[in-house]
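Following: one structure in structure tokens, then a few remarks.
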Amino acid sequence: MDIAKVAKLSGLPASTLRFYEEKGLISSVGRQGLRRVFNANILDQLALIALGRAAGFSLDEIARMIGSKGKPNIDRELLANKADELDRTIKKLIGMRDGLRHAAACSAPSHMECPKFRRLLGLAADGAWSK
């Protein structure tokens, strides 16, 4: 399958496919004129890359999971660690969401007079949401 067809089917620009190839995430099997040609399983590889990116893995981490021959060799400990990291992120986001909802409906004359809002300010000042 040539790069134009892969780009069309995957929704990724050809420049991204070339970048992924440069990073070792995918590999072409040859050329058809000036165009790169890929195996039929390239769409599965691109889906795995998209899943990894959506989960927050770096391209280097994804490259290690894909392996040099394009066959997944996924580190289960790395997956468990990422799941734990996502749990921590979700917890922070839930706290932020709940705080914003409270601030939107708070009956205090000023947000600065609301104890819950002041607690949120303190957490923000301490960097609780940027860690």
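So that you can map any letter, position 96 of the sequence shown is 96 in the UniProt record's numbering, and since no number is skipped, the others follow by simple counting. Think of the CB as a built atom: it goes at the ideal place given N, C-alpha and C, for glycine as much as any other residue.
Can residue i and residue j be called in contact, C-beta distance under 7 angstroms?
i    : j    : result
V6   : I49  : no
H111 : A103 : yes
A63  : L9   : no
K82  : A54  : no
K91  : L59  : no
According to DSSP, what are the bridge partners of residue i?
i   : result
Q32 : R35
D2  : V37
What is the C-beta distance between residue i and residue j, in whole angstroms, given that I count them as a contact (C-beta under 8 angstroms)?
i    : j    : result
S28  : E21  : 6 angstroms
G127 : K116 : Contact flag wrong, Cβ pair sits at about 19 angstroms.
Among residues of its own chain, excluding the 5 on either side of residue i, which ones have a beta-carbon nearer than 6 angstroms to its beta-carbon?
i   : result
L46 : S10
G52 : I62
Here's a check: name, in chain order, each residue in its chain whose Cβ is nearer than 8 angstroms to the Cβ of residue i, leaving out the five neighbours to either side.
i   : result
V37 : M1, D2, I3, S28, V29, G30, R31
Within the same chain, show all residues whose beta-carbon is closer than 7 angstroms to that of residue i, passing over the 5 residues directly before and after it, in chain order.
i    : result
G67  : N73
A124 : none
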